[in-house]
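Written below as structure tokens is the structure these notes are about.
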Amino acid sequence: MLSVEEEGMLAYKTPKRRYCAIVLIVLGFLVFFGIGILAGFFIGRGAAKGCEDGDKNGGCKPPPKGHTQEQLEEFHRKAVGMISTEELRKNLKHFTKVPHFPGDTENFELAKDMAKKWKEYGIDVIWKNYTIMLSRPKDMKAGEAALYNGSTLMHRSERQEAFLVPSENNSNVVPPFNAYAPSGSARGKLVYANYGRDEDFEELKKRGINCTGKIVIMRYGKVGRSTKPKRAHKEGAIGVILYMDPEDYAKQGVDMVYPDYNWLPNSAVQRGNIKSTPIRGDPQTPGYPSVKGMYRLPKEEAKKLLPQIPVHPIS
Ligand SMILES: *[C@@H]1O[C@H](CO)[C@@H](O)[C@H](O)[C@H]1NC(C)=O
Ligand SMILES: *[C@@H]1O[C@H](CO)[C@@H](O)[C@H](O)[C@H]1NC(C)=O
Ligand SMILES: *[C@@H]1O[C@H](CO)[C@@H](O)[C@H](O)[C@H]1NC(C)=O
Ligand SMILES: *[C@@H]1O[C@H](CO)[C@@H](O)[C@H](O)[C@H]1NC(C)=O
């Protein structure tokens, strides 16, 4: 449904965002990515051991060059057969137990942990240091979005999700934010633009709704997270709010959600990067590895490549 402008005003605030160069220690690995993930993350140690012995068909080794379709299928069957649901569950729990923000100690610990696991599986691991311009809320302060009818506050977004499972109560959980959105605040009327696709903005135009000077609220989904604010900005928006609609993220109904089901609960907020630069990777070293000694764009130059209007995710 595409609605018209909401009544009332919307004030919107983000605290100062800190752009900092964080030394990120990244793992390199020498096998191709897909198999690295499968073997490293998901299979049990027993299965990995089995590979060492090999068998008549080459065991876990990649098929030889010039392999037949049959051989490929056999290899695929073997790879799929090695994936264990139990290991998936265990590993996913393990890797998501605590927040591990890039550059944080927890992230480094996780990298060390993964390196150890891969080595156990017989995969070569190399370490490389990258210095990357990242974005995170300064002092872990949360932004917020508030809806006013005249001067009456109608709704204010939560600064933190509910802890639905006791072990999730961790002060290192980064508050809701969209990485690389600039610091700032915006105040204006609210326009709902569905998924923020081209056709959604076309529909708004057809209905004579002008986004210039407005705050555009869009739901996540259908198109990439970063394209929505970019498109809204192009239409003249001064701020963006993103949220997850139960229609997309609680398909069995709003009561059938985490922790009992795998749909998103009411309080959940999707974080995520909204950088939409032509070249992926570190904004200060576009197209080049962000290693020591590499030429870096000045921070102010790099920021020009990043989103230009405040963007904030809500539940
Ligand atoms: C990467 O940086 C860390 C921390 O600064 C340092 O201890 C380590 O020796 C570096 N590793 C490499 C491979 O340069
Ligand atoms: C907003 O305020 C006006 C005037 O006080 C009132 O008539 C209207 O019903 C309010 N709108 C909502 C959605 O509460
Ligand atoms: C989370 O932990 C803090 C500090 O231990 C405690 O004060 C708070 O009540 C906990 N909140 C929930 C919802 O369990
Ligand atoms: C939208 O509003 C802006 C500012 O009021 C105006 O400059 C622009 O022409 C409007 N666009 C359309 C299509 O009416």
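Counting from 1, position 196 in the sequence shown corresponds to residue 196 in the UniProt record's numbering; the numbering is continuous, with no gaps.
Beta carbons are placed, not taken as given, at the ideal position from N, Cα and C, and that holds for glycine.
Spatial neighbours of residue i in its chain, beta-carbon cut-off 8 Å, leaving aside the 5 residues before and after
i           : result
residue 99  : 106, 170, 172, 173 and 174
residue 46  : In this prediction, residue 46 scores a pLDDT of 41, lower than 50, which makes its location untrustworthy; no coordinate-derived value is stated.
residue 271 : 174, 176, 177, 178, 179 and 313
residue 233 : 240, 307, 308 and 309
residue 211 : 191, 193, 201, 204, 232, 235, 236 and 237
residue 252 : 261 and 263
Proximal residues to residue i (C-beta, below 7 Å), its chain only, five neighbours per side dropped
i           : result
residue 302 : 133, 283 and 284
residue 180 : 135, 273, 274, 275, 306 and 307
residue 76  : none
residue 213 : 188, 236 and 238
residue 73  : none
residue 264 : 244, 249, 250, 257 and 258
Residue span of the beta strand (DSSP E) that contains residue i, given as start and end
i           : result
residue 155 : 152 to 156
residue 305 : Where residue 305 is concerned, there is no enclosing beta strand (DSSP E), given that its DSSP letter is neither H nor E.
residue 146 : 144 to 149
residue 219 : 215 to 219
residue 239 : 239 to 243
residue 314 : 311 to 314
Exposure of residue i, with buried meaning 16 or more beta-carbon neighbours within 10 Å
i           : result
residue 116 : exposed
residue 144 : buried
residue 313 : buried
residue 288 : exposed
residue 200 : buried
residue 127 : exposed
residue 279 : exposed
residue 228 : buried
residue 298 : exposed
residue 196 : buried
residue 112 : exposed
residue 244 : buried
residue 220 : buried
residue 39  : Residue confidence for residue 39 is low, a pLDDT of 37 falling below 50, so the modelled location carries little weight; the figure read from the coordinates is stated next. It is buried - the Cβ of residue 39 has at least 16 other Cβ atoms within 10 Å.
residue 242 : buried
residue 204 : buried
residue 52  : Summary for residue 52: the model assigns pLDDT 45, below 50, so the residue's position carries little reliability; its value from the coordinates is reported in the next sentence. Exposed, since its Cβ has fewer than 16 Cβ neighbours within 10 Å.
Start-to-end residues for the alpha helix (DSSP H) that takes in residue i
i           : result
residue 317 : Outside the shown range of the chain, which is 1 to 315, sits residue 317, and nothing can be said about it.
residue 80  : 69 to 82
residue 204 : 198 to 206
residue 288 : Segment: none, residue 288 is in no alpha helix (DSSP H) and carries neither H nor E.
residue 176 : Premise fails: residue 176 is in no alpha helix (DSSP H) and is neither H nor E.
residue 249 : 246 to 249
residue 259 : Per DSSP, residue 259 belongs to no alpha helix (DSSP H) and is neither H nor E.
residue 229 : 227 to 234
Whole-Å CB distance - residue i paired with residue j, under 8 Å assumed
i           : j           : result
residue 223 : residue 237 : Not a contact, Cβ separation roughly 16 Å.
residue 267 : residue 193 : That pair is no contact at about 24 Å.
residue 131 : residue 290 : 6 Å
Residues near residue i in its chain [Cβ-Cβ closer than 6 Å; skip 5 each side]
i           : result
residue 157 : 144, 145 and 314
Min CB distance residue i to chain B below 7 Å
i           : result
residue 185 : Protein chain content of the structure displayed is limited to a single chain, and chain B is not contained in it.
Exercise. Please specify which runs of the alpha helix (DSSP H), each continuous and at least 4 residues long, are wholly inside the region 90 to 129, giving them in chain order.
Key: 105 to 120
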